[in-house]
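Novice: Sharing a structure, written as structure tokens. Questions coming.
Numbering (my numbering), first residue to last: 13 to 105.
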């Protein structure tokens with residue numbers, strides 16, 4: 013995965029299309045993010061650089077309750093790729 017602003021924008025679109033609000037804030041996040049499930053809000057550490065933001069979103073997206081039916085084709089393809097990569101890693105370990 014390329015660490016570019018375009019990749020970050022595509023990753024940010026997945027939770028946003030699923031109804032989550034993505035915010036970048038200051039805080040003491042051990043993992044780089046915080047999920048407020050009941051409000052569908054995801055808060056990411058605003059001090060992360062693009063690479064850190066991308067890695068955090070890749071770790072975070074599988075944990076969210078995302079209905080793939082409402083995603084655009086591009087987002088659905090990226091989401092499916094993230095999930096299959098995670099499943100491959102879990103099966104390999």
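Where is the CB? At the ideal position from N, CA and C, for every residue including glycine.
Fair warning: this is a prediction, and the values are worked out from it, not measured in the lab.
1) What span of residues does the alpha helix (DSSP H) with residue 65 cover, start to end?
2) Leaving out five residues on either side along the sequence, give the residues of the same chain with a beta carbon under 7 Å from the beta carbon of residue 82.
3) To the nearest whole angstrom, what separates the beta carbons of residue 22 and residue 90, a pair I think is in contact under 8 Å?
4) Residue 94 and residue 19 - do their beta-carbons sit closer together than 9 Å?
5) In angstroms, rounded to a whole number, what distance separates the CA positions of residue 42 and residue 13?
6) Give every residue of the same chain whose Cβ lies closer than 6 Å to the Cβ of residue 52, excluding the five residues on either side of it in the sequence, and list them in chain order.
7) From what residue to what residue does the alpha helix (DSSP H) around residue 103 run?
8) Check whether the Cβ atoms of residue 62 and residue 26 lie closer than 9 Å to each other.
Specialist: In short, the structure shows the following:
1) From DSSP, the alpha helix (DSSP H) with residue 65 extends over 62-72.
2) 29 and 30
3) Contact holds; Cβ gap of about 6 Å.
4) Against a cut-off of 9 Å, the Cβ pair of residue 94 and residue 19 comes out as no contact.
5) About 23 Å.
6) 31 and 32
7) 85-104
8) no
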